[in-house]
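Counting from 75, one number per residue, gives the positions in the sequence shown under the numbering used here.
Quick notes on the structure that follows.
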Amino acid sequence: MKILKTDGSAPNENIINEAVNVLAKGGVVLYPTDTVYGLGANIFNNKAVRRVFKIKQRNLLKPLSILVSNTDAIDLVSEISIYQKNTMEKYLPGPYTFILKKSHIVPRVITSGLSNVGVRVPKNEIACKLATLFPITTTSANLSDEEVLSTPDEILDQLGCDVDLVIDVGPLDSKNASTIIDLTTPQPTFIRR
């Protein structure tokens, strides 16, 4: 495991490029978002995605969300209507995950076989740059149903295992994961605030 420290407001491009290379080779990266630290893997690498489930001790029947680099990339991973796109553009980038009908390119392992997928575009330069070449998983970096922690050291102690690379920007202010809004229903529905 490699731990790379950088400034969250002016991240080192070499660190981001190294993390993207790790993701491209099937690795798992611990990275900051605009809410909490997340565990990222290339969504098209089933082995890496399954590692995220294993690291979190997460039930394979509980789907993971996807992080894309910008709002234009949402169309790649979901079937999105004009209404849904207009709604999302009011809030993104930001601390929101939107539930949408998944596109055919989203692997079954991500959604646990469901027809919908959670999609995020965080207001965090590092997270978005990690997803420039391919979408990545986004899930809080903690054991399932355990406390969400704010520093990589605490997180690694809790997980009790190695990820391939850590991007450490120091403590994050938030211990709250993103708000989840279901846009597959006639009216937007809050799943988690």
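Beta carbons: idealized from backbone N, C-alpha and C, even for Gly.
- Three or more beta-carbon pairs separated by less than 8 Å are not found between the region 170–182 and the region 223–243, which leaves the two stretches without contact.
- Annotated three-state conformation of D108 is coil, per DSSP.
- If you look at N91, you'll find it in the alpha helix (DSSP H) that goes E87 to A98.
- Shown here for Q131: same chain residues with a beta carbon closer than 6 Å to its own, the five before and five after excluded, namely L217 and S218 in chain order.
- Inclusion of N190 and D108 in the CB contact set at 8 Å is not warranted, their separation being larger than that value.
- At a Cβ-Cβ threshold of 8 Å, P181 and I117 count as neighbours.
- DSSP places L233 in the uninterrupted alpha helix (DSSP H) bounded by P226 to L233.
- Where N190 is concerned, the enclosing beta strand (DSSP E) starts and stops at N190 to R194.
- Sorting D146, I179, E221 and E153 by C-alpha distance to the C-alpha of L257 places E153 at the top.
- A distance of 8 Å or more separates the beta carbons of M75 and V195.
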